Each structure stands twice: as structure tokens, then as C-alpha cells.
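First to last, the sequence lines map onto chains F and A. Whatever position you read off the first sequence (first residue = 1), add 925 for the numbering used here. Whatever position you read off the second sequence (first residue = 1), add 558 for the numbering used here. So the structure is just underneath, and the comments pick up after that.
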Amino acid sequence: EAGVAQSPRYKIIEKRQSVAFWCNPISGHATLYWYQQILGQGPKLLIQFQNNGVVDDSQLPKDRFSAERLKGVDSTLKIQPAKLEDSAVYLCASSLGRRSYEQYFGPGTRLTVT
Amino acid sequence: KNEVEQSPQNLTAQEGEFITINCSYSVGISALHWLQQHPGGGIVSLFMLSSGKKKHGRLIATINIQEKHSSLHITASHPRDSAVYICAVGRGAQKLVFGQGTRLTINP
């Protein structure tokens, strides 16, 4: 079974530029999560999708971050414009949903904003 | 105060030593997870438990629901166990709340 795929793996941009990350969850997984992990900290949930609907985006900085999961499968997370404090690893995870707490994580995208 | 607290934040030990990492939480949970994160970012689930004890190879996880505390033990530690170990608790709507992680280094 293929795992959660993310791209790119690494990205370096200058502040005020835009960047987009892509995630392909495990086939059949209804729930998709985007996390931000700043160096030395645990992951922080940015947004949670159930199929193509948003369950929780309370910690998403909506003035600069946006995310979509149009067909309930792949998802993209965008930052526009980026700030220095956005430097972090962005993790995508998926789960079956249906009260399953087992989450499967992708390899992450390491973003450096200079 | 974070909902999930881990200790220690950093741990260095010699190969073969018995390792214990602790996790305390302050909220009601449905399940507790122990995760492993190697350099490069990928996270792997080690255990999910809601009571008692689970064992997988040299890894043992325990949870005390009344005391809101869990421990991860590694017996006969090895350099390949070097990683960040993260405790996470399950909250409503399939949501996880993460601790800050414990960086473990095992020296040969």
C-alpha cells in the first residue's frame, strides 16, 4: 500500500514570496490533515478535512495560508505571502476517518524562508 | 501550559541502556499515541493505547488513565533508536494534540 505522498520535499523562498505544497493521501482515507512543525516543537494542526469539507481550520492563519481538497483526494496548502516565521516542516497526514485515530504521515516538506 | 507535556526534552544514553520517556496530559482523551520521527521529518506510529500496556519488540508503552500519564520504554537501546519520540493524545473529531517531543541520542 502506498503511503502519504508530499511534494516538494524541500523549498527555499524569500519572504513575501508565495509557495504551495501538495499532498496525496492513502487511497480511501477520508480525513486529511496539514500540520506545521517548527524546529524543536511538536506538530501543530493547521487544517483538517473530512472528504472535501473543512472540519477544523481554527489555527490556520487565514490572512496568508489557504488550503483546499477539491475532489476529496489530493490537497494543496498555500502560503502567500510568506514570512520568516513560516520556516518549518509542513506535514500532511491522512486517516480512514470513521472515528479512527490512526494517522499516517507523509515525509513532510521543509520550508525555509529567508 | 501545554495540554501534553513530555520529559525529558533531550536524552543521551549509551548503547544498551534502558530508556524511559514520560508523557503527562491534562485533558480527557480517547487514546494516546507514541510516534517516532527520524531526521528528515517522516513520522511513524509506534503505539496507540487507551489502557494498560503494549509491547512491540524492545519497545514498551504504558498508560495510567487515572494519573493521566504514559511512559515509553526502550530496552537494550541501540544507536538506530536515535530519533525524536512524540507523545500525542486523541481528542474529539479524530484530532491529535502533540507533545513537544523528546530527542533521544544513543551513543555506541
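Built from N, CA and C at the ideal position, the CB exists for glycine as well. Computed from a predicted structure; not experimentally measured.
The beta strand (DSSP E) enclosing residue 580 of chain A, as first and last residue numbers:
577-583
Just how far apart, CA to CA, sit residue 597 of chain A and residue 637 of chain A?
13 Å
Cross-strand partners of residue 571 of chain A (DSSP beta bridge):
A/664
In DSSP terms, what residue 646 of chain A is bridged to
Answer is A/591 and A/656.
Start and end residues, beta strand (DSSP E) containing residue 1034 of chain F:
1034-1038
For the structure I just gave you, are there three or more beta carbon pairs, one from the region 623-643 of chain A and one from the region 578-587 of chain A, closer than 8 Å?
Contact between the region 623-643 of chain A and the region 578-587 of chain A is present, with at least three C-beta pairs closer than 8 Å.
Give the single residue among F/1028, F/980, F/1005 and F/968 whose Cα lies nearest to the Cα of residue 946 of chain F.
F/1005
Helix, strand or coil: how does DSSP classify residue 1021 of chain F here?
coil
State the start and end residues of the unbroken beta strand (DSSP E) segment that holds residue 636 of chain A.
From DSSP, residue 636 of chain A is part of no beta strand (DSSP E); its letter is neither H nor E.
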